Amino acid sequence: MKVLFIGDIVGKAGAEYLKANMKKLSSLYPADIVVANGENINQKNGITQSEAEALHFAGIDVITLGNHAFRQQSVYGFLDDCPYIVRPANYPAASPGKGVAEVKTPKGPVAVAALAGQIDLDPTDNAFYAADKIIKDYPDSFIIIDFHAEATSEKNALGCYLDGRVGCVFGTHTHVQTADERFLPGGTAYITDVGMTGSSDSVLGAKKNQAVARFLTRAFVPLEQEDKDPVINAVYTDTEKKQIIRIKL
Ligand SMILES: [Fe+2]
């Protein structure tokens, strides 16, 4: 299976830069399935229906979401109905949307799931047991997990727990790409964090002066998205060739 996974798209800058470079990215890294985390694409975080549709039109097969999944209330009905967008599977069953999207590819069915971490994020069910259920529910699919979590330890541990039982465990949420891409001993493709698709001259996609002011004053300083010097952070894997590449474009 060839998988291209694009790290958290932040704002208009990230979305426009990604769309402008999708052709180049796809020719450099031809994939059976393209996944992107889109939970920060809206100016106020979250995602709207039109933003999701534009991403899908640009070539993203499945959009994953995390802790900002429900920031845009207008998207709730779309999350319920749309087959290609997922919020964390370990959110309450009554939450809008679903946690797994199954996609047919030339190499067979692929189940893409989002899971949210339990450390320094909103309280939710345990991601490890939720992953067990996904494996049970999709026995014939190649499974890709977007583990949207803050703590590197929690991500690393989930990778080890699922090693050999799913195709990929790719971390998102911190917006900082880690240099630990590898195949785990059981054959699962893993990276702690794919990184961010947005402004490289920012603090996690936000304007530097505003982010710094928060730390200097402890006051509530609104954060606006930066649009300077966008970059695509992604990871590409060809599981048959045992190849995994960290991408910065
Ligand atoms: Fe997040």
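Quick note on numbering: our numbering labels position 145 of the sequence shown as 256, and the sequence is numbered without any gaps.
Backbone N, C-alpha and C define an ideal beta-carbon position, used for all residues, glycine too.
Model, not experiment: these values are computed from the prediction.
Query                                                                                                                                               : Result
Counting only the same chain and skipping the five closest in sequence on each side, list residues whose C-beta sits under 8 Å from that of Ala142. : Lys113, Val114, Leu115, Tyr347
CB of Asp119 to nearest heavy atom of ligand 1: below 8 Å?                                                                                          : yes
Pick from Lys339, Ala163, Ser206: whose alpha carbon is nearest that of Asn153?                                                                     : Ala163
Terminal residues of the continuous beta strand (DSSP E) containing Arg357?                                                                         : 354-359
Less than 9 Å between CB atoms is the rule here; does Asp291 satisfy it with respect to chain B?                                                    : The structure shown has no chain B; it contains just one protein chain.
What are the complete beta strand (DSSP E) segments, minimum 3 residues, inside the region 120-159?                                                 : 144-148
Report the option in Phe253, Tyr128, Tyr272, Gln160 whose CA atom is closest to the CA atom of Gln184.                                              : Gln160
Rounding to the nearest angstrom, what Cα-Cα distance links Val197 and Ser313 in this structure?                                                    : 27 Å
Within the region 295-331, note down every full beta strand (DSSP E) run reaching 3 residues or more, in order along the chain.                     : 300-302, 307-310
List the residues that DSSP assigns as beta-bridge partners of Thr289.                                                                              : None; Thr289 has no bridge partner.
Restricting to runs no shorter than 4 residues, where is the alpha helix (DSSP H) found entirely within the region 204-275?                         : 238-248, 263-273
DSSP on Tyr347, reduced to helix/strand/coil?                                                                                                       : strand
Give every residue whose Cβ lies closer than 5 Å to any heavy atom of ligand 1, listed in chain order.                                              : Gly177, Asn178, His284
Where do the N-terminal and C-terminal ends of the alpha helix (DSSP H) with Leu334 fall, by residue?                                               : Taken as a continuous stretch (DSSP letters only), Leu334 belongs to no alpha helix (DSSP H), as it is neither H nor E.
Please classify Phe281: does DSSP put it in a helix, a strand, or coil?                                                                             : strand
Using only CA atoms, which one of Ala242, Ile120, Ala205, Gln229 lies nearest to Val223?                                                            : Ala242
Once DSSP output is grouped into helix, strand and coil, what is the label at Leu176?                                                               : coil
Going by Cα to Cα distance, which pick from Glu261, Ile120, Val277, Thr308 is closest to Thr350?                                                    : Val277
Does the pairing of the region 219-235 with the region 198-206 give three or more beta-carbon distances under 8 Å?                                  : yes
DSSP state of Phe181, grouped into three classes?                                                                                                   : coil
Is Val146 closer than 9 Å to Asp172 when the C-beta atoms are compared?                                                                             : yes
Just how far apart, CA to CA, sit Lys359 and Leu136?                                                                                                : 10 Å
Kindly identify the DSSP beta-bridge partner or partners of Pro341.                                                                                 : Ser310
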